[in-house]
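Down below is the structure, laid out as structure tokens.
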Amino acid sequence: MNADGQAVVAAVESVAERIEAERDHLTDLDSAIGDADHGGNMARGWAEAADAVGDLEDPDPATVVKTTGKTLMSEVGGASGPLYGGSLVFASAELEDGIDAESAVAFAETYLEKVEDRGDARVGDQTMVDALTPAVHTFKKSVETDDLGPLEALAKAVDAAERGVAFTVPIRASKGRASYLGWRSVGHQDPGATSTLFIMEELLATAADHLGADVPDVDATSPTIPDEDPEE
Amino acid sequence: MKKLINDPDDVVDEMLEGMVAAYPDQLRRLPDTQVLVRDDAPVDGKVGVVSGGGSGHEPTHGGYIGDGMLDGAAAGDVFSSPTADEFEELIAACDGGEGVLAVIKNYEGDVMNFETAIEMVEMEGVEVAQVVVDDDVAVEDSLYTSGRRGVCGTIFVHKAAGAKAAEGGDLEEVQRVAQKVVDNVGTMGMALTSCVTPEKGEPTFDLGAEEIELGIGIHGEPGTERTDVMDADAVTEELTESVLEDLDLDEGQEVATIVNGMGGTPLMELFVVNDRLQELLADHGLKVWDTWVGDYMTSLDMAGCSITVCAVDDELKELLSAPADTPGLTVQ
Chain Z
10 MNADGQAVVA AVESVAERIE AERDHLTDLD SAIGDADHGG NMARGWAEAA
60 DAVGDLEDPD PATVVKTTGK TLMSEVGGAS GPLYGGSLVF ASAELEDGID
110 AESAVAFAET YLEKVEDRGD ARVGDQTMVD ALTPAVHTFK KSVETDDLGP
160 LEALAKAVDA AERGVAFTVP IRASKGRASY LGWRSVGHQD PGATSTLFIM
210 EELLATAADH LGADVPDVDA TSPTIPDEDP EE
Chain G
54 MKKLINDPDD VVDEMLEGMV AAYPDQLRRL PDTQVLVRDD APVDGKVGVV
104 SGGGSGHEPT HGGYIGDGML DGAAAGDVFS SPTADEFEEL IAACDGGEGV
154 LAVIKNYEGD VMNFETAIEM VEMEGVEVAQ VVVDDDVAVE DSLYTSGRRG
204 VCGTIFVHKA AGAKAAEGGD LEEVQRVAQK VVDNVGTMGM ALTSCVTPEK
254 GEPTFDLGAE EIELGIGIHG EPGTERTDVM DADAVTEELT ESVLEDLDLD
304 EGQEVATIVN GMGGTPLMEL FVVNDRLQEL LADHGLKVWD TWVGDYMTSL
354 DMAGCSITVC AVDDELKELL SAPADTPGLT VQ
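Chains Z and G, in that order, give the protein sequences.
By our numbering, the letter at position 37 of the first sequence is numbered 46, and the numbering carries on one by one without gaps.
By our numbering, the letter at position 294 of the second sequence is numbered 347, and the numbering carries on one by one without gaps.
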């Protein structure tokens, strides 16, 4: 029995429930700036993904992630399929030897890189990248520089993603459907950044459950500015 | 709105079944997909040429599968991109060992899904090249795309790339001629009426009885200008001048043109448009080498037309006039 694999299955199931619960919320955010299909498409895709990974026989984490990605790719459609699903498929390769702090960082970095490349988006474009980038950078720094445990590092990352979602509100969209609104996109919270945060929150909750610990309380008010470059 | 459909959810599936039943010697559907390929795919030793996109543009793309054009095409739901896994199966099924050229119309969903699929099949060792068609001169950014939209000029790309692959060109050459078309083609369209999607069952946009929309896309997305209704000559002038201004061709240049129906326009009216188009091209000092008139890139039942002009050299002339045998286009 691969316990980590089972934990990832539980995470996918918990994301599916959360996205379903937030379906109307995501649709409302999307209808303000896009075509109002993000909630429905994501809910359908994650529900299918939860079914698909539930059917796997004692899977390892990489297989669960890859199956999730493939299912999202074929079920979500539009641009979200390749962005959320395709990127997971590529990043799942980083978990082939299992999940530890090092492979989790590699996974997060590859996922971000694939989303950036596929969407041709960078921080400040009012997209999911605005939530993902601070989350991945904070996670890497917490693990590699601050030597934090996985749960605390993930909690910091979720906190960073939340700030990223808030950051999408006062900026102008330059990628994705919302970019056609030009300046009218200012003042709207990006649905992709928001669903990215929901996914990460469920990852954190499931990880805490899996490790038998409480979700760490990270300081949500102090800026998490890295004091040195983790590459150095 | 009256439609010859059953359940809107079944439209694409039933259309694909009907197409294969109509051309059983030419078309084959990959099991559990919305992908059509030529019956003998993959063709050993030939570069595969594939395309795909949302349904509702018939005969695009599946109707151009056959000798001298496409090896296969993925059909998405109506006006929605096929998913990456369908593109993946398409490319894999059309690789005869010499690589595959993907012809992508410039829409965000199509580009992202195709590129994801390409990256995946490349990991399996399939060599893939791509061209992105963005021939619509009407708008720079639209509801579905950044940059220009890919519209009817795509048919010339299919034809040239397919012909080059059929004569034994390698992947680099096939991509080069496809890109040559992309670099030399421009299109502009207009609508007399809105299309009606099976899902919605009513017009996608409202156009008054005495109004037309210029610069329209092929999904009912907005054009550049809404004006009072004009006669065929005036519409033809608007479209043609926009395309020619964009292409900026030298006097004496030879061109191939398409007068394309949007799905709900009688052939009679398309020929009327062509009558004025030929005069206009001559007035600009252009030599019309070839003209295609018909429904090539439609938008369901939208009434209206588009005009495509492509500057051709000896190489493109040879490729566009090479034999092709497909449900949607036959060249002998």
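Beta carbons are placed, not taken as given, at the ideal position from N, Cα and C, and that holds for glycine.
(1) Hey, how far is the Cα of residue 119(Z) from the Cα of residue 145(Z)?
(2) Once the 5 residues before and after residue 151(Z) are set aside, which same chain residues still bring their CB inside 6 Å of it?
(3) So, with DSSP's three-state summary, where would you put residue 359(G)?
(4) Following a CB-centred definition, is residue 364(G) positioned closer than 6 Å to any heavy atom of the ligand COA?
(5) Using Cβ-Cβ distances below 8 Å, what residues of the segment 87–104 of chain Z are close to chain G?
(6) Give a yes or no on whether the minimum CB-CB distance between residue 19(Z) and chain G is below 7 Å.
(7) Which same chain residues, not among the five before or five after residue 272(G), have their C-beta less than 6 Å away from its C-beta?
(8) Can you tell me where the alpha helix (DSSP H) with residue 151(Z) in it begins and where it stops?
(9) Closer than 8 Å by C-beta to residue 183(G): which residues in its own chain qualify, once you throw out the five before and the five after it? Chain order, please.
(10) Beta-carbon of residue 223(G) versus every beta-carbon of chain Z: anything under 7 Å?
(11) What's the call for residue 38(Z), buried or exposed, on a 16-neighbour Cβ count within 10 Å?
(12) Are residue 216(G) and residue 121(G) touching if we call contact CB-CB under 7 Å?
(13) Closest to residue 86(Z) by CA distance: which of 172(Z), 57(Z) and 210(Z) is it?
(14) How big is the Cα-Cα spacing for residue 266(G) and residue 175(Z)?
(15) Specify whether the segment 357–369 of chain G and the segment 296–311 of chain G touch according to this definition: at least 3 beta carbon pairs, one from each stretch, less than 8 Å apart.
(16) Tell me whether residue 233(G) is buried or exposed, calling it buried when 16 or more other Cβ atoms sit within 10 Å of its Cβ.
(17) What first and last residue would you give for the alpha helix (DSSP H) that runs through residue 76(Z)?
(18) Distance, Cα to Cα, residue 96(Z) vs residue 72(Z)?
(19) Using C-beta distances below 8 Å, list every residue in its chain close to residue 243(G), excluding the 5 sequence neighbours before and after it, in chain order.
(20) For residue 280(Z), report the span of its alpha helix (DSSP H) as first-last.
(21) Rounding to the nearest angstrom, what Cα-Cα distance links residue 355(G) and residue 112(G) in this structure?
(22) Checking contacts by CB at 7 Å: is residue 237(G) closer than that to chain Z?
(23) What residues of chain Z sit near residue 178(G), judged by a beta carbon separation below 8 Å?
(24) Roughly how many angstroms separate the alpha carbons of residue 342(G) and residue 41(Z), rounded to a whole number?
(25) Taking 7 Å as the cut-off, decide whether the C-beta atoms of residue 107(G) and residue 129(G) are in contact.
(26) List, in chain order, every chain G residue whose beta-carbon is nearer than 9 Å to that of residue 75(Z).
(27) Tell me whether residue 226(Z) is buried or exposed, calling it buried when 16 or more other Cβ atoms sit within 10 Å of its Cβ.
(28) Give the residues of chain Z in contact with residue 166(G), contact being defined as C-beta atoms less than 9 Å apart.
(29) Going along the chain, which residues of the segment 239–261 of chain G sit with their C-beta nearer than 7 Å to a C-beta in chain Z?
(30) DSSP on residue 202(G), reduced to helix/strand/coil?
(31) Let me make sure I understand the geometry here. Which of 261(G), 295(G) and 337(G) has the alpha-carbon closest to that of residue 241(G)?
(32) Is there at least one Cβ from chain Z nearer than 7 Å to residue 138(G)'s Cβ?
(33) Name, please, each residue of chain G whose Cβ falls closer than 8 Å to the Cβ of residue 127(Z).
(34) Just to confirm my understanding: we take residue 352(G), look at its own chain, exclude 5 residues before and 5 after, and list those with CB closer than 6 Å. What are they?
(35) What alpha helix (DSSP H) runs, 4 residues minimum, are completely inside the segment 178–251 of chain G?
(36) Determine, using beta-carbon pairs with one atom in the segment 201–216 of chain G and one in the segment 248–258 of chain G, whether at least three such pairs fall under 8 Å.
In this structure, then:
(1) 10 Å
(2) 157, 162 and 165
(3) strand
(4) This structure lacks the ligand COA; in fact it carries no ligand of any kind.
(5) 87, 88, 90, 91, 92, 94, 95, 98 and 99
(6) no
(7) 132
(8) 138–153
(9) 154, 155, 156, 157, 167, 168, 171 and 228
(10) no
(11) buried
(12) yes
(13) 57(Z)
(14) 40 Å
(15) yes
(16) buried
(17) 70–84
(18) 14 Å
(19) 265, 266, 267, 268, 269, 276, 288, 291, 292, 357, 358 and 359
(20) Outside the displayed span of chain Z (10 to 241) sits residue 280(Z), for which this structure offers no information.
(21) 14 Å
(22) no
(23) Ordered by position in chain Z, no residue passes the 8 Å Cβ test against residue 178(G), which lies about 16 Å from the chain.
(24) 49 Å
(25) yes
(26) What residue 75(Z) touches in chain G: nothing, since even the nearest Cβ is about 11 Å away.
(27) exposed
(28) 82, 86, 87, 88, 90, 91 and 95
(29) none
(30) coil
(31) 295(G)
(32) yes
(33) 165, 168 and 169
(34) 248, 271, 315 and 316
(35) 206–219 and 224–237
(36) no
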